[in-house]
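**Q** Protein chains in written order, with my numbering: chain B, 1 to 448; chain L, 1001 to 1456.
We put the beta carbon where it would ideally sit given N, CA and C, even for glycine.
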Amino acid sequence: MKKIIEKALAKGAERCEVFYLNSLETEVEYEASKLKNLSNTEETGHALRLVKDGRMGYATTTKADGLDRLVDDAIATSACGESVEFGFAGAADVGDAKLVDERIKGLSVEEMMKRSEDAIAKLLDYEGEINAESGTKRRVQTVSVATSEGFESTQERTLYQFYVGGRLIEGDNMLDAGGYYGGTTMDAGGPKLVDETIEDFTNGRTNVNVTSGPTTVILTPRAVADVMLTMNYGVNGSIVERGISPLTGKLGETIFDERVSLYDDGLMETGYSSAFFDDEGVPMQRTALVESGVLKNFLTDLRTAAKLDLPLTGNGLKLKRLIQTKELGKMPAPEITNWEMDGGDTPYAELLAGVADGVIVDSIMGIMMGNLVAGDFAGNVAFGFKVEGGKKVGRVKDTMIAGNVYKLLKDQLVDLSSEVTRVGLMGGIGSHRYPHLLLKEVSISSKG
Amino acid sequence: MKDRLEQVLKKFSSQCDYLEVHIEETEESRVQFTGPQLTDLGKKVDFGGNVRALNKGGWGFASFNSVDRIEEFAQHAIDQATLVGKDRSQLADVDPIRDDVTLDLKSDAREVPLERKVEIFRAYNKQVLDHHEEIASSSVRYFDRFHKRWFGSSEGAMVYQERIDLGGVVAAMTARDGDSQSFWVGFGSTDDFGAALGLEGKITEACDVAVEKLDAPKVKGGEYTVILDPRLAGVFIHEAFGHLSEADNVYEDKNLQKVMVLGREFGRPFLNVYDTGLDKGLRGYVVYDDEGVPAEKTYLIRDGKLSGRLHSRETAGKMGERPTGSARCIDYRYPPVCRMRNTCIEAGDASFDDMIAGTSLGIYAITASGGQTNGEMFTFTAGTAFMIRDGKLAERVRDVTLTGNVFKTLKDIDMLGDDLAIHDGPGGCGKSGQFPLPVSDGSPHIRIQNVVIGGE
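Below, the structure is given as structure tokens:
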């Protein structure tokens, strides 16, 4: 890293920042209830951001012998780069930068296979017609950041991911159910995920119709995570900077029901996106976004914090958090880490028992396609139930849910469950902790 | 590089039923404006490879950046395949291809200096920001990638392919009283930097739409007759049927095989759907897939009936069908899986005017901001839309998200336009953690009955 900094400075850079990634990943995948694939991924590469003549240059390479080219490319892009009004991270003590679970490091392929095999056996024991799948993945990731201003640190993280699920086809009816866990330690949650999946299969086999119109809706923590993806834009420093966030200029104002408190927690214990410093070398932290309904902070990176004169929150991330990509990525930009919403006072069982006529929404398909910046969402209820007299009576299909997150958490919130449950976003990054939300007059559209 | 591949194949082939080696080098340039800021301007060099081994029906896969350690990874992949394999390997027979595919371009993006690219997109960006006082921000993205891919297999295939993939989007964001809307112009190509040029007219139109959308009321949820423009209909067929045609969903699922039996009626007799790799210049253009199999044009639905599916060598082998050249990966980090290329609904004979005139209450939905499916149900969102009242286009509405069910909605297509158009954008398709894979889609205008639209 030092060599790259020296080379960049020698070629005329005034200052620079080097990012290094090394990742070793092992994955076992079961498809159609059988072991299908074992894979290993080795990734290693460098990214270089530099300032020359006051302008930003940027390049990445995965070529071990490509470091001279890396410096040349970054210098070349600086010729037409943007003028820079912020500094790279300076020397700082970011503490013990290890989030390592030795059990993950030592996890054998045989043990990973056993975890998935046990889960599938249990699922098939419930119903042999399920086309079951499962995967267990372990990753050891090393990230280093060094700057010409004296920051230099390396952090090692171990990551563990597990999923189990399947598809049950009866006639033309397809029922998909499954669960996912991701974190920096190994969780004992495998058997629990199978139990929940079996419960979903049990409850989801009968379809019932639902009528269109304003409806009482319970969002499960998984569905809350889907809906909250819209808010990721509203609190993002770069969206605020552009003046298109509905929250622009509203710091300190009440935006939600006073029972809503929401945090971005880069230090969440065992959280998938937790780390000690972000991809610019800024310490990560727990940031209050909304407290008792009042908007407290926006998420920033070095650039937006300087531009908007806001505090640094340690959200300058290169590796995309929403859609997991295995590459060095673009320049750092504000991205969410792990989110947490405080629970309410009512146990979930009580919340459900009070619903005379409504719909439970457990997962929403297509939420990413809406007008997310404005907080609008609309999607297909991929998994959900009709509720009558406080009980699930069957699965709803061919049904849409639509709304706006800023109205939903302000005017439509009836209650929050006291239990807060951690969910992972399959295919996305981050661990999120949410209560169940009881909402009134939510728009539901359905066939028939 | 070929010699190196041959060496590895020669040394390790005897240890498993089938072995393949991929090496890939990519050079990428990117320009991104966000509002007035140039937020990403970068160059990327990406070099890496993978080894995939099949033994007794089990796959082992190792991808790596440290190409100098390829033999170590090859051994790893073989050991893992051996650990997995308990059955027998079944790959559909193909002739091992030995060929070089070099670039044949209309206009080479690599010859355009980065400074010039920045200038072009800065001008588009300025055009957006200066267009109207209610345009609060912009988003302009451009990328071009030059790929060199080497593929060799233990059966004697040795394919070198060059490919350029470029695309981008110019978007306008409007804001008024805490509300915001957007509209955009997208482009993509595999042989012509010209696709990025001369967009000024379209950008002006897109800016006007973004402004007009601020005034548009939200659509009222419910069931409607819907007319989709060719862009949205292309996304529709990709989500509604393309993914279910990917044979890796089907080949080991007996219950799904009963549902997806060839000859089953999915649409009315005039419905024809194909997926092809043969259309040069499109982002879904494929000469040889990532198993070295020549791409073809595959009919998925013919005369309303299921007539084919998209195969890898393994799914074709196991189902006793023909490989279609559909095994694709986004890059060397991933194994190839069954994917689409350019998916199209064939033209019919209805005119757009007749479709509108014959609709008493409906929605005309234009272009897509995305789509998603879980196999049976799918959903996608229109970029903008108009109500149709009494056979005429009426007011603009917003937030039109549609849902459908593969077993019902295709049969509800009751009119096909005579105006097939194929489009490319900057996005791509996601599956099995692999996103974005360049694909194209096309369709004429189509009319569908009884579509559920979400809304308040």
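1) Under the rule that 16 or more other beta-carbon atoms within 10 Å means buried, what is serine 443 of chain B, buried or exposed?
2) For leucine 1091 of chain L, which option in L:Gly1058, L:His1076, L:Ala1062 has the closest C-alpha, if you only look at C-alpha atoms?
3) Relative to the alpha-carbon of glycine 314 of chain B, which residue among B:Leu408, B:Arg286, B:Val294, B:Met369 has its alpha-carbon at the smallest distance?
4) Cysteine 80 of chain B touches chain L at which residues, Cβ-Cβ below 7 Å?
5) Relative to the C-alpha of glutamate 280 of chain B, which residue among B:Val94, B:Thr41, B:Val294 is closest?
6) Could you tell me which chain B residues have their CB closer than 8 Å to the CB of threonine 1401 of chain L, listed as they occur along the chain?
7) From glutamine 412 of chain B to methionine 228 of chain B, what does the alpha carbon distance come to, in whole angstroms?
8) Show which residues of chain L have a CB atom less than 9 Å away from the CB atom of asparagine 40 of chain B.
9) How would you list, in chain order, the residues of chain L whose beta-carbon sits under 8 Å from the beta-carbon of glycine 331 of chain B?
10) Any Cβ of chain L within less than 8 Å of the Cβ of isoleucine 4 of chain B?
11) Which residues bound the beta strand (DSSP E) around glutamine 412 of chain B?
12) Along the chain, which unbroken stretches of the beta strand (DSSP E) at least 3 residues long are found entirely within the segment 1256–1290 of chain L?
13) Put glutamine 1372 of chain L into one of helix, strand or coil per three-state DSSP.
14) Taking 8 Å as the CB-CB limit, is glycine 204 of chain B close to chain L?
15) Taking CB distances under 8 Å as the criterion, tell me whether glutamine 1181 of chain L reaches chain B.
16) Let's test the definition: count the other Cβ atoms within 10 Å of the Cβ of glutamate 1119 of chain L and tell me whether it reaches 16, buried, or not, exposed.
17) Closer than 9 Å, Cβ to any Cβ of chain B: which residues of the segment 1326–1352 of chain L, in chain order?
18) Which one or two residues does DSSP pair with glutamine 1032 of chain L in a beta bridge?
19) Any beta carbon from chain L within less than 8 Å of glutamate 43 of chain B's own beta carbon?
20) Let me know if glycine 252 of chain B comes out buried or exposed under the rule of 16 or more other beta-carbons within 10 Å of its beta-carbon.
21) Touching or not, the segment 356–372 of chain B and the segment 260–267 of chain B, by the rule of three or more beta carbon pairs under 8 Å?
22) Looking at the structure shown, is methionine 56 of chain B part of a helix, part of a strand, or coil, going by DSSP?
23) Name, please, each residue of chain B whose Cβ falls closer than 8 Å to the Cβ of leucine 1005 of chain L.
24) Pick helix, strand or coil for glutamate 454 of chain B, following the three-state DSSP scheme.
25) Just verifying my parser: in three-state terms, what is the DSSP assignment at glutamate 29 of chain B?
26) Run through chain L and tell me which residues come within less than 9 Å of lysine 397 of chain B, C-beta to C-beta.
27) If we define contact as Cβ-Cβ less than 8 Å, is methionine 1173 of chain L a contact residue for chain A?
28) Please report the Cβ distance between proline 1436 of chain L and glycine 1430 of chain L, rounded to the nearest whole angstrom; I am assuming they are in contact, meaning their Cβ atoms lie under 8 Å.
29) Check for me: the alpha helix (DSSP H) holding glutamate 133 of chain B runs from which residue to which?
30) Apart from the five residues on each side of it in sequence, which residues of its chain come closer than 8 Å, Cβ to Cβ, to leucine 1199 of chain L?
31) Rounded to whole angstroms, what's the CA-CA distance from serine 1369 of chain L to alanine 1421 of chain L? Just pull it up for me.
32) Let me know the secondary structure DSSP gives asparagine 1050 of chain L once reduced to three states.
33) Within 10 angstroms of the Cβ of arginine 1141 of chain L, are there 16 or more other Cβ atoms? Answer buried if so, exposed if not.
34) Counting only runs that start and end within the segment 88–123 of chain B, where is the alpha helix (DSSP H) found for 4 or more residues in a row?
35) Taking all protein chains shown into account, decide if glycine 389 of chain B is buried (16 or more other Cβ within 10 angstroms of its Cβ) or exposed.
36) Taking the continuous beta strand (DSSP E) assigned at threonine 346 of chain B, which residues delimit it?
**A** Quick answer:
1) The residue in question, serine 443 of chain B, is buried, as its Cβ has 16 or more Cβ neighbours within 10 Å.
2) The candidate whose alpha carbon is nearest that of leucine 1091 of chain L is L:Gly1058.
3) Between glycine 314 of chain B and the set B:Leu408, B:Arg286, B:Val294, B:Met369, the nearest pair of CA atoms involves B:Arg286.
4) Leu1041, Leu1114, Glu1115, Val1118, listed in chain order.
5) A check of alpha carbon separations from glutamate 280 of chain B across B:Val94, B:Thr41, B:Val294 identifies B:Val94 as the nearest.
6) By Cβ distance, chain B contributes Gly366, Met369, Gly370, Ala378, Gly379, Met400, Ala402.
7) If you take the alpha carbons of glutamine 412 of chain B and methionine 228 of chain B, they lie about 15 Å apart.
8) Those are Gly1060, Phe1061, Ala1062, Ser1063, Phe1064, Phe1073, His1076, Ala1077, Gln1080, listed as they occur along chain L.
9) It should be noted that the sequence gives methionine, not glycine, for residue 331 of chain B. Using a Cβ-Cβ cut-off of 8 Å, methionine 331 of chain B is close to Thr1039, Asp1040, Gly1042 of chain L, given in chain order.
10) The C-beta of isoleucine 4 of chain B comes no closer than 8 Å to any C-beta of chain L.
11) It is not in any beta strand (DSSP E) - glutamine 412 of chain B carries neither H nor E in the DSSP assignment.
12) Counting only runs of 3 or more, we get 1273–1276.
13) Look at glutamine 1372 of chain L here: in three-state DSSP terms it is strand.
14) Glycine 204 of chain B does not count as touching chain L.
15) At least one C-beta of chain B is nearer than 8 Å to the C-beta of glutamine 1181 of chain L.
16) Exposure of glutamate 1119 of chain L is indicated by the presence of fewer than 16 other C-beta atoms within 10 angstroms of its C-beta.
17) Correct list: Asp1331, Arg1333, Tyr1334, Pro1335.
18) DSSP output for glutamine 1032 of chain L lists L:Asp1040, L:Arg1141 as bridge partner(s).
19) Contact with chain L is found for glutamate 43 of chain B, since one of that chain's Cβ atoms lies less than 8 Å from the residue's Cβ.
20) The C-beta of glycine 252 of chain B has fewer than 16 other C-beta atoms within 10 Å across all chains shown, which makes the residue exposed.
21) Here the segment 356–372 of chain B does not lie against the segment 260–267 of chain B, with fewer than 3 beta-carbon pairs under 8 Å apart.
22) Of the three classes helix, strand and coil, the one that applies to methionine 56 of chain B here is strand, per DSSP.
23) Under a criterion of Cβ atoms nearer than 8 Å, no residue of chain B is adjacent to leucine 1005 of chain L; the nearest Cβ is some 18 Å distant.
24) Residue 454 of chain B lies beyond the stretch modelled for chain B, which goes from 1 to 448, so this question has no answer here.
25) Of the three classes helix, strand and coil, the one that applies to glutamate 29 of chain B here is strand, per DSSP.
26) What lysine 397 of chain B touches in chain L: Glu1376, Met1377, Asn1405.
27) Protein chains in the displayed structure are B and L, and chain A is not among them.
28) Confirmed, about 6 Å.
29) Taken as a continuous stretch (DSSP letters only), glutamate 133 of chain B belongs to no alpha helix (DSSP H), being part of the beta strand (DSSP E) at 131–147.
30) Counting only Cβ-Cβ distances below 8 Å, and skipping sequence neighbours, we find Tyr1124, Val1170, Val1185, Phe1187.
31) For the pair serine 1369 of chain L and alanine 1421 of chain L, the Cα-to-Cα distance works out to about 18 Å.
32) DSSP places asparagine 1050 of chain L in strand when its eight states are reduced to three.
33) Here arginine 1141 of chain L is buried, its C-beta having at least 16 other C-beta atoms within 10 Å.
34) Those alpha helix (DSSP H) runs which fall completely within the segment 88–123 of chain B and span 4+ residues are 102–105.
35) With fewer than 16 other Cβ atoms inside 10 Å of its own Cβ, glycine 389 of chain B counts as exposed.
36) Membership of threonine 346 of chain B in any beta strand (DSSP E) is not indicated, and neither H nor E is assigned to it by DSSP.
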